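Engineer:
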Amino acid sequence: MSTTQTLTKPPEYWQLHDPGLFLEPPSRWRQSGLLMQWQLRRNAQMAPMYITVQLLLAIATVLGYGLLIGEPDRVASLYLTTGGPTISLVMVGLVMTPQWVAQARTEGSLAWMRTLPVPRPLFLVADLAVWTMMALPGLVVGLLVGAARFHVGLSISWPLIPGVLLVALTSSAIGYAIANLFAPSLAQVLSQVFVFVIMLFTPISFPASRMPDWAEQIHHWLPFEPMAQVVRSGLASADFTTPGRAWAVLSGWCLVSVAAAAWALGRRQ
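Under the UniProt record's numbering, think of the first position of the sequence shown as 1, with each following residue one higher.
(1) In the structure shown, what three-state DSSP assignment does residue 272 receive?
(2) Would DSSP call S233 helix, strand or coil?
(3) Which of the three DSSP states is assigned to I155 in this structure?
(4) Taking buried to mean at least 16 other C-beta atoms within 10 Å of its own C-beta, is H151 buried or exposed?
(5) Short check: CB of V90 to CB of I218, under 8 Å?
(6) Looking at the secondary structure, which residues open and close the alpha helix (DSSP H) in which S209 lies?
(7) Around the Cβ of M227, are there at least 16 other Cβ atoms within 10 angstroms (buried) or fewer (exposed)?
(8) Look at the alpha carbon of P137 and the alpha carbon of W131, and state the distance between them as a whole number of angstroms.
(9) Under the rule that 16 or more other beta-carbon atoms within 10 Å means buried, what is A259, buried or exposed?
(10) Which stretch, first to last residue, makes up the alpha helix (DSSP H) that contains A102?
(11) Please work out which residues of its chain come closer than 6 Å, Cβ to Cβ, to V249, disregarding the five sequence neighbours upstream and downstream, and give them in chain order.
(12) On the CB-based measure, 16 or more other CB atoms within 10 Å of its CB, does A76 come out buried or exposed?
(13) For Y176, which of G64, P212, A104 has the nearest alpha-carbon?
(14) For G70, which option in P212, L128, R149, R41 has the closest C-alpha, if you only look at C-alpha atoms?
(15) If you follow the alpha helix (DSSP H) that F182 is in, where does it begin and where does it stop?
Here you go:
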């Protein structure tokens, strides 16, 4: 049998650049890392602005709520101190992510990225990793400002790490799915609606018991209250605990939102 007969499969993309060499395909980790670098370089000018806005949002949330309440007791102070960083995490995913993806769709860079010989799920992994990293500065700064403003001591425990990652991943995946499923203009409008809904009508910086009964029941199934609970208990473990139901609800939202984002990225436009 001749050599030409044994080569039944066409050369892969990375083989076409040097027909004399048959190289192994790049690993999935390397592909994800290269995609993350490309995203960061593509948004090198805008990323500092996004991070700055997020930092200001975390600080303004803590200080602004403090002006409204005055001198709260310890429990209320812990809600405000831990609520600011949580809101900052959620805002990056539900507000900034749709705007970022909508811009990429409008300028055509997202369509070009789809033509690359890289599995579609890796695009999602790289993007979610970038947005999660961008959300961390607001978490740290908001926490420091809140602790200094309300003079509360925190008791940080290890569940904070998976809790923060789960919150950032879930909110970013929801925002990513919205940005890919709807028209760019509509996605940007929805992201603005999320701003005042999250700031005023989600039990993140205040207990859900203050809401009407029907709203409290709705938030038992939405991801916002569990997001606040897992972050709050990780930052103030001596005062709060996270019920298992919160982890279950948030994990369910995470799985569904990541699946929806992956489907939205892979569907035909």
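Don't be surprised by glycine CBs; every beta carbon is placed ideally from N, CA and C.
If you're wondering where the values come from, they're calculated on a predicted model, not measured in any experiment.
Structural biologist: Taking the geometry as given:
(1) Not covered by the structure: residue 272. The range shown for the chain is 1 to 269.
(2) To locate residue 233, count along the sequence shown from 1; it is residue 233. Three-state DSSP puts S233 in a helix.
(3) Taking the sequence shown and counting its residues from 1, one reaches residue 155 at position 155. This sequence places Ser at residue 155; Ile is not what is there. In this structure, S155 counts as strand in the three-state DSSP scheme.
(4) Residue 151 sits at position 151 when you count from the first residue of the sequence shown. Answer is exposed; the Cβ neighbour count stays below 16.
(5) Locating residue 90 in the sequence shown gives position 90, where the first residue counts as 1. Locating residue 218 in the sequence shown gives position 218, where the first residue counts as 1. No. Outside cutoff.
(6) Position 209 of the sequence shown holds residue 209. Looking at the DSSP string, S209 is not in any alpha helix (DSSP H), and its letter there is neither H nor E.
(7) Numbered from its first residue, the sequence shown carries residue 227 at position 227. Classification for M227: buried.
(8) Looking up residue 137 in the sequence shown gives position 137. Looking up residue 131 in the sequence shown gives position 131. Between P137 and W131, the C-alpha separation is close to 11 Å.
(9) Translated into positions along the sequence shown, residue 259 becomes position 259. When all chains shown are included, A259 counts as exposed.
(10) Here residue 102 refers to the residue found at position 102 when the sequence shown is read from its first residue. Unbroken alpha helix (DSSP H) run through A102: 97 to 107.
(11) Here residue 249 refers to the residue found at position 249 of the sequence shown. So the qualifying residues of the chain are P226.
(12) On the sequence shown, position 76 is the one that residue 76 refers to. Under this definition A76 is a buried residue.
(13) The residue labelled residue 176 in the question sits at position 176 within the sequence shown. Answer by Cα proximity: A104.
(14) Counting from one through the sequence shown, the residue named residue 70 turns up at place 70. With distances taken between Cα atoms, G70 lies closest to R149.
(15) Indexing the sequence shown from 1 puts residue 182 at position 182. Taken as a continuous stretch (DSSP letters only), F182 belongs to no alpha helix (DSSP H), as it is neither H nor E.
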